[in-house]
Amino acid sequence: MVFLGGIGSSEIAIIALVVGTVLLFPIFVLVNALQATFQDSTTKLIWVLVILFLPFFGPLLYLIIGRNQRIA
1 MVFLGGIGSS EIAIIALVVG TVLLFPIFVL VNALQATFQD STTKLIWVLV
51 ILFLPFFGPL LYLIIGRNQR IA
């Protein structure tokens, strides 16, 4: 068992999982928004800016609202 400043290996694994999720979630959503087809390019630009400038809530808003605005 590895101890790093009083933190065990299970805590390190949990922290790595949380940090990985926080870093990969916006990237996944940004790629999804860039590949999506919207009615106009302005909508895509707005969603990309929302995803980039609202760190956690932007990607979450896109998944809740923006995915419904795409053209199938």
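Residue numbers are given in full-length UniProt numbering: position 3 of the sequence shown equals residue 3, and the series is strictly consecutive.
Where a beta carbon is used, it is the ideal one built from N, C-alpha and C, also for glycine.
Give the range of the alpha helix (DSSP H) segment to which Ala36 is assigned. DSSP places Ala36 outside any alpha helix (DSSP H), giving it a letter other than H or E.
9 Å Cβ cutoff met for Pro55 and Val29: At least 9 Å separates the beta-carbon of Pro55 from that of Val29.
May I have the straight-line CA-CA distance separating Ser9 from Gly20, to the nearest angstrom? For the pair Ser9 and Gly20, the Cα-to-Cα distance works out to about 16 Å.
What does the alpha-carbon distance come out to for the pair Asn68 and Ile15? Rounded to whole angstroms, Asn68 to Ile15 spans 33 Å at the Cα level.
Given a cut-off of 9 Å, decide if Ile51 and Ala33 are closer than it, judged by their beta-carbon atoms. In contact: Ala33 and Ile51 (Cβ atoms closer than 9 Å).
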